[in-house]
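J.: Below is the structure I would like to discuss, written out as C-alpha cells.
Numbering (the numbering used here), first residue to last: 9 to 98.
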C-alpha cells in the first residue's frame, strides 16, 4: 500500500471506531444519550481509542482492528464506570 492508501485506510478505521463508541453509548444509555455525548470522560475514551489507531504502525487494517479489540473490554468497562458514576450514583 502507498502512504496515501495507508492514511486513507487508517482514517476509515478511526471513523468506524468513533461510530462504534457513539453507537455503544447511545444504545446503552438512550435515556441519557444527549447528556452522554457531551460527557468529557466519554470523549476522552474515544480520543484514547483514536490515539491507539493513529499511533499504530501497522498498515494492515485487520491487525489494527485486532489491537482495538484487545483493549475493547477495558475501554467499554471504563465507559460503563463513567455512566454508572454520573447517572446512577448522582
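Cβ coordinates follow ideal geometry from the N, Cα and C atoms, glycine included. Predicted, not measured: the structure shown is a model, and the values here were computed from it.
#1: If distances are taken between C-alpha atoms only, which option among 70, 68 and 18 comes closest to residue 59?
#2: Can you check which of these residues, 12, 72 and 22, is closest to residue 54 by C-alpha distance?
#3: For residue 52, which of helix, strand or coil comes out of DSSP?
#4: Is the CB of residue 72 under 7 Å away from at least one CB in chain B?
#5: Hey, out of 68, 57, 75 and 79, whose CA is closest to residue 15's CA?
#6: Hey, out of 66, 76 and 12, whose CA is closest to residue 57's CA?
T.: In short, the structure shows the following:
#1: Closest option to residue 59, Cα to Cα, is 18.
#2: Comparing Cα positions, the closest option is 22.
#3: Helix at residue 52.
#4: Absent from the structure: chain B. Only one protein chain is present.
#5: Per the Cα distances, 68.
#6: Ranking the options by Cα distance to residue 57, first place goes to 76.
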